[in-house]
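Q: Just so you know, this note's numbering puts the end of the sequence shown at 358, numbered straight through with nothing missing.
Backbone N, C-alpha and C define an ideal beta-carbon position, used for all residues, glycine too.
Structure in structure tokens, see below.
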Amino acid sequence: MGMWMSSFQPGGFPDYPREDLSEYVQDSHLARLKERAILITGGTGFIGSHLLHTLSELGAHPSLFVLDYERQMLPIGSSVYHGNLADFHDCLRIVGRTNPEVIFHLAAQPLVDTAMDSVVDTMESNVRGAYNLLEACRNVGKRIKTIIWISTDKVYGNQPRAYDESSALMGYDHPYDASKLCGDLLAQTYARAFNMPIVIVRSGNIYGEGDLHWDRLIPGTIRSALFGEPPLIRSNGLLRRDYIYAGDIIHAYMKTLSAALQGKLAAGTAINFGAMRSHTVLDVAQKILSALGRTDLAPVVQDAARHEIPEQHVSYEFAKTALGWEPAIDLDLGLQKTVEWYTRFFKLENERMRDLL
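Spelled out as structure tokens, the structure:
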């Protein structure tokens, strides 16, 4: 098993829930990951840290392509390469030096509001970063077996039915959606034009332990409630989304990786991963307040979201058929686990602050 450093940041970071690794250990393609060179872009972000944790537990020592990081955020044995995806020479250098067999591309500017306010930075990260990485892989990625390309359901845009893989890609009404759509299309182009072994993963909103972007609905609502403050809802509260627990999406990534390594997924294949059902923003906020016993705190609906899709729901039928994947954690259980983690997180933060006084 990999060794995980005791804290992700000063003051400590509670452990993620321990996973049942038996399915992965019994899969010969995943059990041998410790023998493979793996590169993760964005490996110290919210989802990247969950993926890194799972790979570390399997004995793998991935290399990380990161813009910035804290040393204590990393598992023992990981190699860190500092660089900017928007710099082609950084991409050439890091892909060439790590010579990976497996790449997980997670790095992105991930925030919808930030994309609206910082369009150029978002496009630099999500579009220029995409084609720089792809071109570097084409030029110096001599032994790549698969690239797992993390996209989003936002690429489908505003459509009246649940998205499946045949749905048109219409995500052009918002800068964030368009930036991810460009990256998705570039990945498809490189898969088809150059036969690069790329599999594209699209999913709804991911939540769980370790997300410190407080302007996101779930961590922001939990923090507000724990501090006795009414949570702020930036939309009208009626936007409907899929919410997928982090453990479920990591399981999806691992199932995708196994199938890709076995040659079961053609270059350019896209796979959707969704939730059991969609929920409104207000419904999610109320569930969190109930879990924390703070139903006295009424959410403040700001109705300030701009150009957002009213309703999104992803069909995961193809993932179920092709990979045997379906979500295992419903929203109520996932929120309970998530709330428990943040409660421990803020307890550690309070203890750290007291120690500093």
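1) Please list, in chain order, all residues of the same chain as Glu-36 whose beta carbon is under 8 Å from its beta carbon, the five residues on each side excluded.
2) Verify whether the separation of the beta carbon atoms of Thr-257 and Ile-149 is less than 8 Å.
3) For Leu-52, count the other beta carbons within 10 Å of its own beta carbon; 16 or more makes it buried, fewer makes it exposed. Which is it?
4) Mind checking Lys-288: buried by the 16 CB within 10 Å criterion, or exposed?
5) Can you tell me whether Arg-72 is buried or exposed? The criterion is at least 16 other CB atoms within 10 Å of its CB, across all chains shown.
6) Thinking just about the alpha-carbon of each residue, which of Arg-235, Ile-48, Ile-207 and Asn-206 is nearest to the one in Leu-283?
7) Could you tell me the alpha carbon to alpha carbon distance between Ala-267 and Val-200, rounded to whole angstroms?
8) Tell me, please, which residues DSSP counts as bridged to His-51.
9) Which one of Pro-328, Phe-274 and Ser-259 has the shortest CA to CA distance from Glu-166?
10) In chain order, which beta strand (DSSP E) runs of at least 3 residues are fully inside the stretch 164–228?
11) Throw me the rounded Cβ distance for the Gln-263 and His-83 pair, which I believe falls under 8 Å.
12) Mapping DSSP to helix, strand and coil, what is Ile-234?
13) Using alpha carbons as the reference points, say which of Ala-320, Asn-351, Leu-239 and Thr-190 lies closest to Val-302.
14) What residues in its chain sit with their C-beta under 6 Å from that of Gly-43, if we drop five residues either side in the sequence?
15) Can you list the alpha helix (DSSP H) stretches of 4 or more residues lying completely in the stretch 76–132, in chain order?
16) Check whether the stretch 325–344 and the stretch 174–183 touch, using three or more Cβ-Cβ pairs below 8 Å as the test.
17) If I follow the unbroken beta strand (DSSP E) through Val-67, where does it start and stop?
18) Does Arg-72 come out as helix, strand or coil in the three-state DSSP assignment?
19) What residue from Tyr-343, Asn-140 and Asp-28 has the CA that sits closest to Glu-210's CA?
20) With DSSP as the reference, please indicate the residues paired to Ile-382 in a beta bridge.
21) Are the stretch 110–129 and the stretch 55–64 in contact at 8 Å, needing three or more beta carbon pairs?
A: In short:
1) Within its own chain, no residue has a Cβ closer than 8 Å to the Cβ of Glu-36 once the five positions on either side in sequence are excluded.
2) yes
3) buried
4) buried
5) Because the pLDDT of Arg-72 is 49, which lies under 50, any placement of that residue in the model is unreliable, and the number read from its coordinates should be weighed accordingly. By the 10 Å Cβ count, Arg-72 comes out exposed.
6) Cα-wise, what sits closest to Leu-283 is Arg-235.
7) If I take the Cα positions, the gap works out to 8 Å.
8) For His-51, which the question treats as bridged, DSSP gives no partner whatsoever.
9) Nearest option by C-alpha distance: Phe-274.
10) 199–204 and 206–208
11) Actually they do not touch by this definition, with Cβ atoms about 34 Å apart.
12) strand
13) Leu-239
14) Gly-49, Leu-107 and Ala-108
15) 89–99, 113–118 and 120–124
16) no
17) 64–67
18) With a pLDDT of only 49 at Arg-72, under the threshold of 50, the placement of this residue in the model should not be trusted; the figure read from the coordinates follows. Arg-72 falls in the helix class under three-state DSSP.
19) Tyr-343
20) Coverage of the chain is limited to positions 2 through 358, which leaves residue 382 absent and any answer about it impossible.
21) no
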